[in-house]
Structure formats: C-alpha cells, structure tokens
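**Student:**
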Amino acid sequence: MKIDRRTTLAGFAGLGFAAAGNFSSALYAREGDDFRDKSLSPARRAKALVALMTLDELGAQLNCPRAADVMADAKAFEADFPYFRHGIGGVYSASLEAGPADNARAVLALQREVVSRSRFGIPAFIFEECLAGLLADGATQYPQAMAMACAFNPELVTRVFAATAKEARSRGAQACFSPNIDICTDPRWGRSEETWGEDPYVVSVSARAIVAGLQGAPAEYLPPDRIATSVKHFAGYGQGIGGRNFAPSHIGPVELHNVVLPPFRAAIKDSGSVGLMASHGEIDGVPAHADKALLSDLLRDDWGFDGYVVSDWDDVRRIHSLHGVAKDEAEAAIMGLKAGVDLELANNGVYLMLPDLVRQGKLEESYVRRAAERVLAAKFKCGLFDQPWAEPAKAAALARSKEHRALARKMAEESAVLLKNDAGLLPLNKRETKRVLVVGPNAASVHLGGYSPKPFVGVSVLDGLRDYGRRAGFEVDYAPGCRITAGDEGQNEIETDAADESVQADPTLNRQLIAEAVAAAGDADVIVMCLGGNEATAREAYFAGDSRGDRDDLELLGEQNELAEALLALGKKTIAVLIHGRPLSPQFLAAECPAILDAFYPGEEGGLAIAGILFGDVNPSGKLPVTIARNVGQLPAFYYQKPTGKFRNYVFSDSTPLYPFGHGLSYTSFDTGVPVASANMIKRGDAISVSVAVRNTGTRRGKEVVQLYLRDEIASRTQPVKLLRGFEKVALDPGQERRVQFRLAPEDFGFRDANGDLVLEAGRFSVMVGTDSEKLKTTSIVMT
C-alpha cells in the first residue's frame, strides 16, 4: 500500500483537538453496560455494545482512512465531514514527521477527540507499519525482513518485535499492518525484501515469532505494551506472474494449501493473530477481497479465525475499478463485505455507502453488524477501552534507546551471510591493516528499505569502518566508485514512493567515478566494495500511474561490475559487501571476488555490525532464506522443486543455483554426523525424534544452523525432492560437539490435499540433515 508522509504536527494541532488534560467522561458514562465489564470476553463485550449502536454508528466502525489525508483537513470534526461524524474504526499511519514525544502528543489529542465525540466513548484503532521496526520518525530501525530471516533465530526475532511493539504502543498505536508472510518464490518482485524467504517452514516459524513479539502469548486480552498484528497478504500475493506487483497468482489448490497458506495457519491457529489483511491480487479469477471461500469459508469456518479482516489500500473499490467483477462501487462494497472484509483501508472508501445501501434494501444490516462486532471485539482485546492513550514521555524514552539499538546491532550481526571466503581472506587482521578504501554506491549512505522512515538514520558501512579504524589504528579512505540511480549521491533519503520514476545513473559519470576510485586505491592495502541495490530499484510498485518496483534482471545494476572488475585487477585484498532489498544474482562477483558478505538491508546499526564481522569480532552465522539463482532464466529456483523440476540442465548452463537455500559460511568449520531416528519404523500419526551430532572442527567459536529436511519417497501425489522440517542454531567452541535433537510431528510427514485436509500415507521417508539444502547426510524411516 502507498504511504504518504505529508502529515504535520501543525495539521493535527490546528484541528481543535481536546487539550491534553481534557478527558472525555463518555467512556465512563454508563458503568452498568455489559460492554464495560472487563470480566467478560472481548466478543461478549462487543456483542453488547453493538446492540446499543445505530446503523450509522456501526457503519462508521468499518472505515479506516489515512491520517495524512483526513487529519490535515480542517473540516475533520465538523458535522458534515464523512469521518468521525458517527465514530471511526481506525486511522492509518498517524506517525508524524516529528519527534517521538510530539508524535505521541498529537495522537493523544486525536484519540481524546475521537473518544469525546463518540456516544459510547469508542476509541479509534491507530494502525502503523512495523515491517522492520515502527515506521515513525525517531523509531528504532532493524534489519529488513529478508535480512532478519537470514538469522534463523526466532527467539531474537521475537525480541525485536516485542521492542517494536513497545515503541508503537507508547505513541498511541494499538495495531499494525505487519508482518508480511507471503512466500517469496520470485525475486523479481519488488516487495521480496519484505518477506521472510521462499520456504513455508521458515516463514511459518518466523510468523509465530513475530506475532509472539508484537502481541505476546495467545491470551484473551493483549498485554498493555503489545499491539495487534494484521498478517498479510492473504493469499498468494508473492506468486504474482512475472514477479510483478498486483499480478494474478496462477496456483492450484494443492500448492495453495502446502506452500502459501502454512504461514497464515501458523500465525492464526497457533499464535492467535488478531487481524489479517487481504491480498491485492487474485487466484483463479477471483479477487482476494471478493473471495468468500478464502476469507470466510476457509479462514473462519475451517480455521476458526475470530479477528478482523482489513482490506489492503483501496482494494474493495478495486473489485470494480481494477478487477471488473462488480458493476459499480456500491456492488464492490457489498461484495467485499459479504466476502468477509470487515474494515476498509481507504480515503473516501466505498464502505461509507454501507448504511445507505442497507436503507435502500440492497444489503442486509446483519453484514454491517457482523463486521462491526469483529472490529469492536478486536478493540476490546487490544485494551482500547481501558488504556487507548499515547504516552509522550515513554515514547521519547523508548525511541532508539540504547537497549533497542543494541538489539538492532545484534540482529545485523546474526543475519549477515558470508557467501564466499576464498583462502580465508576474512576476517581481516586489524594489526596488519594500515589503510582501507571503502568504495561503492552503498558505502556512505544508510539503506533501510521500504516502509522505513525518512531520512534514513543510522550507521553506514563507511562510518562503521571509520569508527573501527579509529579504535584499531588504521586509516579509512572513501570513494563513491559509481552510482546506482540518479539522485543517489550518498544521501540517506532515496525516494521510496514508487510514483516517482527510477532513473539509472549516468554511465559516463560512473566511469569517471570508477577511474577516481582506482586512483584512490593506490595506498590502500584493503578494499571494501559496498555494492547491491537501493530503495529506488526494489520497492512496492503501486497501482497508481506508471509506478515501478519490479525488475527483469537480478545482476548488479549499472556499472557496479565494471567498478568491481577495475578494483579486483589491482590485486589487493578486496571484499564485496552487498546491501540490497530483493535477492540478487551477482554472477561476476561470485566468479571473481574472493570474499562476499551479503547483508541485505542491515538496519540502522548495520555499519557497526559489518565492521565487526569484517575484522573478526563477530563470526558470521547467517544463512540464505532463499535460493540464489544464476540469472532470471533459472526462475523459479526455489529448492523444494518436484522430482521433474530440476533434473535437466539448460543447453549452455546447468540448473544448479548460484548459492543454495540455507547456504552461509563461517570463519570456523563444522561437521555434522549421520542423523539417528528414535525409531526406524513408525505408525501413521506417531511423532518421532531425530538427533545428529554437530562438531566445531575449526579454530574459532562460531554458530551453525543445523537443518533437517524430509522427503516422502512414494506418495499418491508427487512430492518435493526435499522440504525443511526443522532447524536449530547452535553455538560451539573449537572442538566442541553437541547433539542436536529434532522432533518430527505427525503432520511433518503429511501433505494437504485440494480441500486443505491433512493426508498421512504409509511409505518410506528420507531424513536429511546438514548445513544447507545441498550438504546433507541421510537416514530412512518407514511409516506403516
């Protein structure tokens, strides 16, 4: 969805909000009402409140406009303004381009005004984005989602999102439109960076970890420092044809249930996500926002989901205006509501028509009441009727606190992936290093990715190495080397609004910069090349206008390879650090550069983390959550292909990836033994444990991600050649050995049919354990 950050504090302050001390008594006016009884369940309280509300009040709870457009309007609280007249469901993106305390004060004033004008003191949901930290000025920014997936550390992920929830709640937010748990099977897609990779198991584990961090453990009421999640995009959004945003998903029901839906099932059935956002796209000709089979039959009837479904931006209207399956906006509103979309995220949305459509006899009031009840139940669950207020002092204390910045650095350290390290070039010896040249388009600027506040605040690789050099006693020089896009002159504010055109940098200027970089390298004994992508080359391609964010090429853009070739020809110690969003296919670097560290977007502390890794203070332990294809011609390249999917090579190249799923090197070495099952023969429905010895065979302490894969050798439907079914990150001293234990549940041996039912079949299963998806040792289990 598109974010407009034009809201200003002055705009909020000019609306006549209640003063901070003027507190509405409407919230406490009728203590005898059941909806105020905290001993009752959120659903019971919502039902009691809905029974007291008028049709217009109920309809108002189904609207969620954007703060930038609504609150900047001086008529926002006048009687004829369409919002707030009868209440409001929520307001999106109320974080201002102001400091944390000012942001919190403005949201506090807004919420008090909303409550004071409601007959029943109903607060508004304040929704924010929390993709990799709170999208708000001054909030802590962690590594991008794809980077965090590289850590293979769900406990650390939970800590990151618990910290994010605290920052969001202190500013008055009670819910967010996160996480993105789409499966990334096509890296051409500009939103790949927002996902947690290609593997349904990894994304499912990540979904549980994120929901646990943002919401806390499943409970009737959320803790007061947590916020509701809206897992997205339901469903199949990551499978758009051609890697193009909004494109249809050509997937069958078996693929849907086995690849796309597992993370949503985990987030909802296991972790209790309060909310869910529908997809922009369509499956088999049915737009997600009009898909009753998906949003009601499966989600609610089969899975038992009792939270709210929110539209993606303006997508209920697009049932008519884009997909063309409704004759007009009124029919689109009816279709969306009946399908199961409870809350419309839009300005001047089509759900504003709903009360009149009921009065005209075109829509049953029961659908409006049903949706309002779901939204209100979520408000009760999230504590809006108990403590909806922002806390300016707490917001200021939490924003980019020492503890949260340390957490961002820890995640950056754990998520960096060492792709290549020929002859043990890394780590560098700080005592032998005299002068380092830091060069490249991503050296001097901070890159946080989409859904991050601008200007980007943090530590660049250049700044991180300069800081390290001051302490270690070596000099650090800088040369830009080249640019990726026009306007990327080392600043920290690349435009991420895809309505703006992305323009490649001038090749002539780039070649001049390359010559200057070669000259600057004369006295350096180490060259660190910071290459990759930026927020103008991988981003959300919005539907408006000719916006672009997807690419048809995965190599380094522009003259970056020319820069690398020129510097590598100097024969100095040369390392490539990749900073980017979508997964790239750096074929030239993979062939020619002796050491490659892939950091994706490493967050605000990324420069410090990278410096520590390059000089060995931190031993890299990240693993790829995606398969790195050699080029776009290999796509799709995800590892869990069917038996006929990857056994033939191309005419002039083979079908092996550039780097396999799960790949990631260390400064030490590890060896895994042959897996041992607790039983070699089991019955259908039995659980089993598998153990494997892992040993640090090198000279440094390090962490290894031990990975367990399963293959059903004979089944009634063709099965993937392997599927990840477990992983554990273990830290070992040199020479230390540990036995890692995995538990395989009955469902790990099964697959889901076209109806979503679990199928368990007798037969032989290969159990494979190793350190990536190709370096595996195998044992067998027979199920009877």
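Numbering (our numbering), first residue to last: 33 to 816.
Here a beta-carbon is modelled for each residue, glycine too, at the ideal position from N, C-alpha and C.
Count the other CB atoms, across all protein chains shown, that sit within 10 Å of the CB of Met-713; report buried if there are 16 or more and exposed otherwise.
**Tutor:** By the neighbour-count rule (16 or more Cβ atoms within 10 Å), Met-713 is not buried but exposed.
**Student:** Does DSSP put Cys-162 in a helix, in a strand, or in coil?
**Tutor:** Cys-162: coil per DSSP, three-state reduction.
**Student:** Which of helix, strand or coil does DSSP assign to Cys-182?
**Tutor:** If DSSP states are grouped into helix, strand and coil, Cys-182 belongs with the helices.
**Student:** Could you name the residues that DSSP lists as bridge partners for Ala-763?
**Tutor:** Answer by DSSP bridge pairing, in chain order: Lys-735.
**Student:** When the Cα of Leu-690 is compared with those of Lys-411, Ser-805 and Pro-459, which residue comes out closest?
**Tutor:** Among Lys-411, Ser-805 and Pro-459, the Cα nearest to that of Leu-690 is on Ser-805.
**Student:** Which one of Ala-410, Glu-145 and Glu-161 has the shortest CA to CA distance from Ser-484?
**Tutor:** Closest by alpha carbon: Glu-161.
**Student:** Would you mind sorting Ala-551 into buried or exposed? The rule is 16 or more other CB atoms within 10 Å of its CB.
**Tutor:** Exposed: under 16 other Cβ atoms inside 10 Å.
**Student:** Going by DSSP, what residue range makes up the beta strand (DSSP E) through Glu-507?
**Tutor:** That run of the beta strand (DSSP E) goes 507-511.
**Student:** Taking the alpha carbon of Arg-432 as the point to measure from, which residue in Glu-287, Ala-141, Ala-200 and Gly-758 has its own alpha carbon closest?
**Tutor:** With distances taken between Cα atoms, Arg-432 lies closest to Ala-200.
**Student:** What separation, rounded to the nearest whole angstrom, lies between the Cα atoms of Phe-783 and Asp-718?
**Tutor:** Using only the alpha carbons, I get a separation of about 15 Å.
**Student:** Nearest to Glu-225 by alpha carbon, out of Val-772, Leu-656 and Pro-707?
**Tutor:** Minimum Cα distance to Glu-225 is reached at Leu-656.
**Student:** State the DSSP-derived secondary structure class of Tyr-60, mapped to helix, strand or coil.
**Tutor:** Low confidence applies to Tyr-60: its pLDDT is 42, below 50, so where it sits in the model is not reliable, and the reading given next is rough at best. Here Tyr-60 sits in helix by DSSP.
**Student:** List the DSSP bridge partners of Phe-157.
**Tutor:** Note: Phe-157 sits in a beta bridge opposite Gly-122.
**Student:** If you measure from the beta carbon of Asp-578 to each beta carbon in chain B, is any gap under 9 Å?
**Tutor:** Absent here is chain B; the protein component of the structure consists of one chain.
**Student:** Helix, strand or coil for Asp-101, going by three-state DSSP, please let me know.
**Tutor:** It is helical.
**Student:** Let me know the beta strand (DSSP E) ranges lying completely inside the region 780-806, each 3 residues or longer, listed in chain order.
**Tutor:** Those beta strand (DSSP E) runs which fall completely within the region 780-806 and span 3+ residues are 795-802.
**Student:** Please report the distance separating the alpha-carbon of Ala-429 from that of Leu-439.
**Tutor:** The alpha-carbon atoms of Ala-429 and Leu-439 are separated by roughly 16 Å.
**Student:** Counting pairs of beta carbons, one from the region 304-311 and one from the region 339-350, are three or more of them closer than 8 Å?
**Tutor:** The region 304-311 vs the region 339-350: in contact.
**Student:** Tell me where the alpha helix (DSSP H) around Asp-454 begins and ends.
**Tutor:** No alpha helix (DSSP H) contains Asp-454, which DSSP labels as neither H nor E.
**Student:** Enumerate, from N- to C-terminal direction, the unbroken beta strand (DSSP E) stretches of 3 or more residues contained entirely within the region 660-740.
**Tutor:** Those beta strand (DSSP E) runs which fall completely within the region 660-740 and span 3+ residues are 702-704 and 720-728.
**Student:** Skipping 5 residues on each side, what residues in its chain have a beta carbon closer than 8 Å to that of Arg-743?
**Tutor:** Closer than 8 Å at the Cβ level, and outside the excluded window around Arg-743, lie Gln-751, Pro-752, Val-753, Lys-754, Leu-755, Phe-797, Ser-798 and Met-800.
**Student:** Secondary structure at Leu-588, three-state DSSP: helix, strand or coil?
**Tutor:** Here Leu-588 sits in coil by DSSP.
**Student:** Would you kindly work out how many angstroms separate the C-alpha atoms of Ala-409 and Ser-210, rounded to a whole number?
**Tutor:** Cα-Cα distance, rounded: 19 Å.
**Student:** Contact check, Val-357 vs Ala-299 under 8 Å by CB: the rounded distance?
**Tutor:** That pair is no contact at about 28 Å.
**Student:** Which whole-angstrom value describes the C-beta separation of Gly-564 and Asn-474, a residue pair presumed to lie in contact below a C-beta threshold of 8 Å?
**Tutor:** At roughly 5 Å, the Cβ-Cβ gap stays under 8 Å, so Gly-564 and Asn-474 are in contact.
**Student:** Out of curiosity, what's the CA-to-CA distance linking Ala-195 and Thr-261?
**Tutor:** Approximately 14 Å, taken between the alpha carbons.
**Student:** Tell me the DSSP secondary structure of His-612 in three-state form.
**Tutor:** It is coil, neither helix nor strand.
**Student:** Phe-412 by DSSP, collapsed to three states: which one?
**Tutor:** Of the three classes helix, strand and coil, the one that applies to Phe-412 here is helix, per DSSP.
**Student:** To the nearest whole angstrom, what separates the beta carbons of Ala-556 and Tyr-510, a pair I think is in contact under 8 Å?
**Tutor:** The Cβ separation is near 11 Å, so there is no contact.
**Student:** Do Ser-127 and Leu-167 count as a contact pair if the criterion is CB distance below 9 Å?
**Tutor:** Against a cut-off of 9 Å, the Cβ pair of Ser-127 and Leu-167 comes out as a contact.
**Student:** Quick check on Asn-651: buried or exposed, where buried means 16 or more other Cβ atoms within 10 Å of its Cβ?
**Tutor:** Label assigned to Asn-651: buried.
**Student:** Can you list, in chain order, the residues of its chain whose CB lies under 6 Å from that of Ala-504, leaving out five sequence neighbours each side?
**Tutor:** Closer than 6 Å at Cβ, skipping near neighbours: Lys-462.
**Student:** Tell me the DSSP secondary structure of Phe-55 in three-state form.
**Tutor:** In this prediction, Phe-55 scores a pLDDT of 39, lower than 50, which makes its location untrustworthy; no coordinate-derived value is stated.
**Student:** According to DSSP, simplified to helix, strand and coil, what is Phe-337?
**Tutor:** Coil, per DSSP.
**Student:** In whole angstroms, what separates the C-alpha of Ala-455 from that of Glu-624?
**Tutor:** About 13 Å.
**Student:** Between which two residues does the alpha helix (DSSP H) carrying Phe-242 extend?
**Tutor:** Checking the sequence, you will find Ile at residue 242 rather than Phe. Counting along the chain, the alpha helix (DSSP H) containing Ile-242 begins and ends at 232-247.
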